[in-house]
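Going down the list, the protein sequences come from chains A and B. Going by the working numbering, 167 is the number at position 167 of the first sequence; the sequence numbering is gapless. Going by the working numbering, 1037 is the number at position 37 of the second sequence; the sequence numbering is gapless.
Protein chains: 2
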Amino acid sequence: MFKKAKQTRVFQDVVEQIQDAILNGTLEPGSKLPAERALKDVFNTSRGTLREALRVLEQKGLIDIKLGVAGGAIVKRIDTEPIMESLALLIRSGEVSIEHIAEFRIKIEGSMMELAAEHAAKKDIQELESLFNEAKVFYKNSEWESFLKIDEKMHTHIGMMTRNPVFQFVQKSIHDNIHQYYAQHLSMNKKRALENLTDFEKIIAALKINDAKTASSIIMDHVKRFSDKMQKNR
Amino acid sequence: MFKKAKQTRVFQDVVEQIQDAILNGTLEPGSKLPAERALKDVFNTSRGTLREALRVLEQKGLIDIKLGVAGGAIVKRIDTEPIMESLALLIRSGEVSIEHIAEFRIKIEGSMMELAAEHAAKKDIQELESLFNEAKVFYKNSEWESFLKIDEKMHTHIGMMTRNPVFQFVQKSIHDNIHQYYAQHLSMNKKRALENLTDFEKIIAALKINDAKTASSIIMDHVKRFSDKMQKNR
DNA sequence: ATAATCGAATGGTTTAACCATTATAACAAA
DNA sequence: TTTGTTATAATGGTTAAACCATTCGATTAT
């Protein structure tokens, strides 16, 4: 029914005012806040209190703070950075395991593939084919690092195709938190690369005939194979 | 290849030390940090700098700070609070819309239902049946508020059944951010409630015969209906 | 032209004091 | 004894003024 009564903390009020200004567009990304010594007068507070407010805003990912004569607080574009950081905390704390995240990722990528298939434009399929051709070259030359980068680009493009930023944010959060494990535990070879390449080809084929379910099923297996390999090599 | 070189910010070092102590279990949830005036000596810093560190830890959701003589910084159990807050920022900033979240929720709940079905134990089905019977009573008496609470409990229990905290966290994040819209825009009536009740019954039936796909499909329609109604009433 | 130097603005830190809140103890009243 | 009041002291919240460290840009020297 009721909300917790407002605390009497001055810095919170400062945080809210600046945050609101950022969210409603009064302060645009890239714009710079006044210097601390000027801001403290604007809010009629002390520099220490103002700095606590700036610290909170920085932690929320709303501003960057630069040093030096031309430094100061710069309004950032809102993105997933704080979410990723919190997710990393959950992982490090042991509340969630890599296996849990892998399971989640399989389902998410499957859902994304379905949505992507529904929204697939000719241009999207062309882009994927272009990536596929790049991947083929790297496969022939056994350049696994470049090969994996293409694989990642494919996943990202499928994220774009969903036309839904929530999926894109979640995908990025998961990827950034799981990437170090891939890098450590995933050794590539000709056989595995060929499997991936085949998946890629099948997905494009399915997209061309608007077969969302098949595309989804393939990418889920694709991600599952990655995750399994990774866990086995741990 | 390389990481950004460490900043020379003292408070960051303090944040990292305390955060590490919390994450590796040296500081357990519920335990209290020393008072500011004592901590500043431990870290050999000033109170202002120490407070900036505490502000960051508070924002990260790692500690609570209480006022008064028995007050101080208390180590919290890590949860989704900071994630939900960041997600709320994304929504408020207009980076994602309610429709985007609704689309995401439909897919997530579908995936959760599949997982839940795979892990369904007898006890789980009994619990759902018990909730179903409660819902029937509220339906008969047209107690819509209580009815919706049972509906929410059903979703939460399905989250539990996934045995995967990532899904549970995401579900909670989505729900907490979308709930106010439900409350504002979702008017219940006998017809809609009966639809929900029927969904509920079908899901239990599907679970009993281990039909994950059907259960998933039903709950996706169920969530979709909610979301559509909500958008129509806006 | 180019390089070195200096100055000034800005964030980062320190210190010391005072204010506001609150759990607890001491005390008073019933 | 029980209950309500008051005083105390520890703790977080705030303020003020000074100094340090970094950085950009202007000035100067080569």
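Ideal Cβ placement from N, Cα and C applies to all residues, glycine included. From a predicted model like this one, the values you see are computed outputs, not experimental measurements.
So that I know if they touch, is there some Cβ in chain B lying closer than 8 angstroms to that of residue i?
i, result
"Ser142/A", "no"
"Asn164/A", "yes"
"Ser216/A", "no"
"Ser93/A", "yes"
"Leu90/A", "yes"
"Val96/A", "yes"
"Gln231/A", "no"
"Lys202/A", "no"
"Glu145/A", "no"
"Phe104/A", "yes"
"Leu148/A", "no"
"Phe138/A", "no"
"Phe226/A", "no"
"Phe167/A", "yes"
Nearest by alpha-carbon distance to residue i: which of the options is it?
i, options, result
"Ala1120/B", "Thr1162/B, Lys1202/B, Gly1110/B", "Thr1162/B"
"Phe226/A", "Phe43/A, Lys191/A, Ala212/A", "Lys191/A"
"Glu143/A", "Lys40/A, Ile22/A, Asn189/A, Gly30/A", "Asn189/A"
"Leu128/A", "Ser46/A, Ala38/A, Lys208/A, Ile18/A", "Lys208/A"
"Gln19/A", "Asn141/A, Arg77/A, Ala102/A", "Arg77/A"
"Phe1011/B", "Ser146/A, Gln59/A, Asn177/A", "Gln59/A"
"Lys1032/B", "Lys1066/B, Glu1095/B, Glu1085/B, His1100/B", "Lys1066/B"
"Gly30/A", "Ile204/A, Thr45/A, Ile74/A, His100/A", "Ile74/A"
"Ser86/A", "Ile1083/B, Ala1206/B, Ala1212/B", "Ile1083/B"
"His100/A", "Val14/A, Ile178/A, Glu195/A, Ala206/A", "Ile178/A"
"Leu1057/B", "Ile1022/B, Thr1045/B, Lys1040/B", "Ile1022/B"
"Leu197/A", "Ala135/A, Leu54/A, Ser216/A", "Ala135/A"
"Thr1049/B", "Arg1009/B, Glu1028/B, Arg1092/B", "Arg1009/B"
"Lys232/A", "Ala193/A, Ser187/A, Val69/A, Ala206/A", "Ser187/A"
"Gly1025/B", "Val170/A, Ser93/A, Arg51/A, Ala215/A", "Ser93/A"
"Asn1171/B", "Ala1102/B, Gly1068/B, Glu1036/B", "Residue identity check: residue 1171/B is Gln in the sequence provided, not Asn. Checked all of Ala1102/B, Gly1068/B, Glu1036/B; the closest Cα to Gln1171/B is Ala1102/B."
"Ala1088/B", "Asp1176/B, Ala1215/B, Ile1204/B", "Asp1176/B"
"Glu36/A", "Val69/A, Lys122/A, Phe147/A", "Val69/A"
"Asn1141/B", "Gln1017/B, Ala1193/B, Ala1038/B", "Ala1193/B"
"Gln184/A", "Glu195/A, Gln17/A, Glu145/A, Glu28/A", "Glu145/A"
"Phe1169/B", "Val1137/B, Tyr1139/B, Asp1079/B, Gln1017/B", "Asp1079/B"
"Asn1133/B", "Gln1017/B, Asn1044/B, Glu1201/B", "Glu1201/B"
"Leu148/A", "Asn164/A, Lys122/A, Glu195/A, Arg55/A", "Glu195/A"
Between residue i and the rest of its own chain, which residues show a CB-CB distance below 6 angstroms, the 5 nearest in sequence each way excluded?
i, result
"Leu131/A", "Ile150, Lys153, Met154"
"Asp1124/B", "Met1161"
"Ala53/A", "Phe11, Val14, Val15"
"Asp1064/B", "Ile1074, Lys1076"
Is the Cβ of residue i closer than 8 angstroms to any Cβ of chain A?
i, result
"His1100/B", "yes"
"Leu1039/B", "no"
"Lys1107/B", "yes"
"Ile1158/B", "no"
"Ser1111/B", "yes"
"Ile1083/B", "yes"
"Leu1087/B", "yes"
Please list, in chain order, all residues of the same chain as residue i whose beta carbon is under 8 angstroms from its beta carbon, the five residues on each side excluded.
i, result
"Ala34/A", "For clarity, residue 34/A is Pro in the given sequence; the question names Ala instead. Val42, Gly72, listed in sequence order."
"Asp199/A", "Ile218, Ile219, Asp221, His222"
"Gly210/A", "Checking the sequence shown, residue 210/A turns out to be Asn, not Gly. Ala117, Ala120."
"Phe167/A", "Ile108, Ser111, Met112, Leu115, Gly159"
"His157/A", "Asp124, Glu127, Leu128, Leu131"
"Arg105/A", "Ile174, Ile178, Val223, Ser227"
"Lys213/A", "Glu114"
"Glu28/A", "Val75"
Apart from the five residues just before and just after residue i, which ones in its own chain have a Cβ nearer than 7 angstroms to its Cβ?
i, result
"Glu81/A", "Gly61"
"Tyr1181/B", "Ile1098, Met1230"
"Val1096/B", "Leu1090"
"Lys1040/B", "Ser1046, Arg1047, Leu1050"
"Asp215/A", "According to the sequence as given, residue 215/A is Ala; it is not Asp. Excluding positions up to five away in sequence, the list reads Met113, Ala117, Ile203, Ala206, Leu207."
Q) Counting only runs that start and end within the stretch 1055-1079 of chain B, where is the beta strand (DSSP E) found for 3 or more residues in a row? A) Segments of the beta strand (DSSP E) lying fully in the stretch 1055-1079 of chain B: 1063-1066, 1072-1075.
Q | Start-end ranges of the alpha helix (DSSP H) lying completely within the stretch 109-193 of chain A, minimum 4 residues | A | With a minimum length of 4 residues, the continuous alpha helix (DSSP H) runs that stay inside the stretch 109-193 of chain A are 122-140, 144-161, 165-185.
Q: Identify each residue in the stretch 8-36 of chain A for which the Cβ-Cβ distance to at least one residue of chain B is less than 7 angstroms, and report them in chain order.
A: Residues passing the 7 angstroms Cβ filter: Leu23.
Q | Against chain A: residues of the stretch 1041-1060 of chain B by CB proximity under 7 angstroms | A | Cβ contacts with chain A: Gly1048, Arg1051, Glu1052, Arg1055, Val1056, Gln1059, Lys1060.
Q.
In chain order, what are the residue ranges of uninterrupted alpha helix (DSSP H) at least 4 long that sit wholly in the stretch 23-53 of chain A?
A. Taken in chain order, the unbroken stretches of alpha helix (DSSP H) that lie wholly in the stretch 23-53 of chain A and span 4 residues or more are 36-42.
Q. What are the start and end residues of each continuous alpha helix (DSSP H) run of 4 or more residues lying completely inside the stretch 1189-1228 of chain B, in chain order?
A. List check, alpha helix (DSSP H) in window: 1190-1208.
**Q.** Members of the stretch 1059-1081 of chain B near chain A, C-beta cut-off 9 angstroms
**A.** For the stretch 1059-1081 of chain B, the residues whose beta carbon sits under 9 angstroms from a beta carbon of chain A are, in order, Gln1059, Lys1060, Gly1061, Leu1062, Leu1067, Arg1077, Ile1078, Asp1079, Thr1080, Glu1081.
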